[in-house]
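Per this note's numbering, the sequence shown starts with residue 7, numbered consecutively.
In this text, a Cβ means the ideal position worked out from N, Cα and C, and glycines have one as well.
None of the values given here were measured: they were computed from a predicted structure.
Working notes, structure below.
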Amino acid sequence: MTLHHYLILAALLFCVGLMGAFTRRNAIVVLFSVEIMLNAANLNFIAFWRYSENPALLHGPLFTLFAIAVAAAEVAVGLALMIAVYRHFKTVDLESMDTLREE
């Protein structure tokens, strides 16, 4: 497999995640779609590192580990927000959450 194959796979993963984030109304599914997009970026980091001139520098895996740590924090904050929103609105449907004030 060449770098081209990995980039096509990452582009497809990113498009699937983007389509899921834009078309779904469930907030949890939107968070999963964002995670798929972050995994596509991680795949690009690893692919470019693997096919670079000096893969001994380990820049790709370090960026990927940092991105995974940021994604884990994003999931924790996102799920906490979704729990708070669910307690208030009694739904995770994004269409029904159109107000920021309490009623």
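According to DSSP, D104 shares a beta bridge with no other residue. Counting C-beta atoms within 10 angstroms of its own C-beta, V76 has fewer than 16 neighbours from the protein chains shown and is therefore classed as exposed. Among the bridge pairs identified by DSSP, N32 is matched with D99. Collapsing the DSSP output to three states places M7 in coil. Spanning the alpha carbons of R93 and V81 requires a straight line of approximately 18 Å.
Residues of the same chain with a CB within less than 7 Å of the CB of R30, apart from the 5 flanking positions on each side, are V36, S39 in chain order. Taking C-beta atoms under 8 Å as the contact rule, G23 and I42 qualify, at a distance of about 3 Å.
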